[in-house]
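Number of protein chains: 2
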Amino acid sequence: MAQTQTLSKNQKIILDIIEKANEPLKAYSILFSVQKKGIKAPLQVYRALEKLIKLGKIHKVESRNAFIACKSSNCEISKATAFSICETCEKVTEISDQKLSKYLKNFHDKTGMIYKKYNLEFYGLCTTCKRN
Amino acid sequence: MAQTQTLSKNQKIILDIIEKANEPLKAYSILFSVQKKGIKAPLQVYRALEKLIKLGKIHKVESRNAFIACKSSNCEISKATAFSICETCEKVTEISDQKLSKYLKNFHDKTGMIYKKYNLEFYGLCTTCKRN
DNA sequence: TAACAAACGTTACATTATAACACTATGATA
DNA sequence: TATCATAGTGTTATAATGTAACGTTTGTTA
Ligand SMILES: [Zn+2]
Ligand SMILES: [Zn+2]
Ligand SMILES: [Zn+2]
Ligand SMILES: [Zn+2]
Chain C
1 MAQTQTLSKN QKIILDIIEK ANEPLKAYSI LFSVQKKGIK APLQVYRALE
51 KLIKLGKIHK VESRNAFIAC KSSNCEISKA TAFSICETCE KVTEISDQKL
101 SKYLKNFHDK TGMIYKKYNL EFYGLCTTCK RN
Chain Y
1001 MAQTQTLSKN QKIILDIIEK ANEPLKAYSI LFSVQKKGIK APLQVYRALE
1051 KLIKLGKIHK VESRNAFIAC KSSNCEISKA TAFSICETCE KVTEISDQKL
1101 SKYLKNFHDK TGMIYKKYNL EFYGLCTTCK RN
């Protein structure tokens, strides 16, 4: 029962912070904000992040070294992720597009390589920044 | 004449190393191998890397913090990159697929955001590792 | 209750990347 | 030819990101 998976104390604390943020969080900014809750060392944060990623609760935005809560619950356990990133305001949004994910899941190259996961990041200008 | 762009001394040295490598190189492993050529500091490497990326000569493999020479010359000045990455042997290959790049270049989300660039990374098992 | 796996806490360290400053080369321009 | 702008260089120091290694604690299961 993967869905009933109960999180550990540290995992809950860190997921909570990431879910409440409206932007991707960096590992060390997470560390600073949980130090009052007794989490003092980077490793405690990174271990929780690693587990949360495995569970698909959060994703890493690779080009930004930052972590964001999963909003789509379509990206089965983090195997298929897509983000839009504004290069001006750094706003990051998870893309949930059935056609896109279907297209990418079915993608095969000529070599016959087996793809288990993918991560796609679009960079551009969000609608707010476009106006300014 | 973007093609006739001439590279500086450091840029040439570093591009040369990356092009001759058959794997993505890390910034500090580049640094170590160019120290005999007088490049002593990380910044000298990172500055050259930054320029080479802008020119589309190399790409950064974001999830690996590593740099690889562009093989496709279809990804106009690094605006559209796709890689396949073997999670076992860490072999990285740039994907040149007309259909894929066309599909992604034309992708629009509901928000109306303008996409200028994208980077896609597939993770899986290469054909060599599949056999073992 | 023994045995095991997962999570925890801690110290130390490794890796990746940038800030700040002064200097140099190059080519355009007036 | 002076002078101006731009890009590149070299250097020191430091910031930011991520792990290794060790032993302990906790919860689950046989
Ligand atoms: Zn998701
Ligand atoms: Zn924006
Ligand atoms: Zn390329
Ligand atoms: Zn492989």
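Top line first, the protein sequences correspond to chains C and Y. Position 128 of the first sequence, counted from 1, bears residue number 128 in my numbering, the numbering being contiguous throughout. Position 85 of the second sequence, counted from 1, bears residue number 1085 in my numbering, the numbering being contiguous throughout. Note that CB positions come from ideal geometry on N, CA and C, so glycine has one too.
Query, Result
"Cβ neighbour criterion (16 or more within 10 Å) applied to Ala108/C", "The amino acid at residue 108/C is misidentified as Ala; the sequence shows His. Looking at its Cβ environment, which holds fewer than 16 other Cβ atoms inside 10 Å, His108/C is exposed."
"Cβ shell of Phe1122/Y (< 6 angstroms), same chain only, five flanking positions each side left out", "Ser1084"
"Positions along the segment 106–117 of chain C whose CB lies within less than 7 angstroms of some CB in chain Y", "Phe107, Asp109, Thr111, Gly112, Met113, Ile114, Tyr115, Lys116, Lys117"
"Helix, strand or coil at Thr1088/Y [DSSP, three-state]", "coil"
"Those residues, in chain order, that have a beta-carbon closer than 6 angstroms to some heavy atom of ligand 6", "Absence of ligand 6 is noted for the structure shown, with ligand 1, ligand 2, ligand 3 and ligand 4 being the only ligands found."
"Residues of the segment 4–26 of chain C whose Cβ lies closer than 7 angstroms to any Cβ of chain Y, in chain order", "none"
"Residue-chain proximity (Asn1119/Y, chain C), Cβ-Cβ < 8 angstroms", "yes"
"Length of the line joining the Cα atoms of Val96/C and Lys110/C", "The amino acid occupying residue 96/C in the given sequence is Ser; Val does not appear at that position. Taking the straight line from one Cα to the other gives about 27 angstroms."
"Cys1126/Y at chain C interface by Cβ criterion, 8 angstroms", "yes"
"Test: Ile53/C CB closer than 8 angstroms to a CB of chain Y", "no"
"Min CB distance Arg131/C to chain Y below 8 angstroms", "no"
"Residue(s) in a DSSP beta bridge with Ala66/C", "Lys26/C, Val61/C"
"CB contact below 8 angstroms: Ser84/C versus chain Y", "yes"
"Any C-beta of chain Y under 8 angstroms from that of Ile77/C", "no"
"Residue-level contact to chain Y via CB, Ala2/C, 8 angstroms cutoff", "Annotation note: pLDDT 36 at Ala2/C (below 50); position unreliable, no value reported."
"Interface partners of Phe1122/Y on chain C, CB under 9 angstroms", "Leu104, Phe107, Asp109, Met113, Tyr115, Lys116, Lys117, Tyr118, Asn119"
"Chain-ordered chain Y contacts of Ile68/C [CB-CB under 7 angstroms]", "Within chain Y, no residue comes near Ile68/C; the closest Cβ sits about 15 angstroms away, beyond 7 angstroms."
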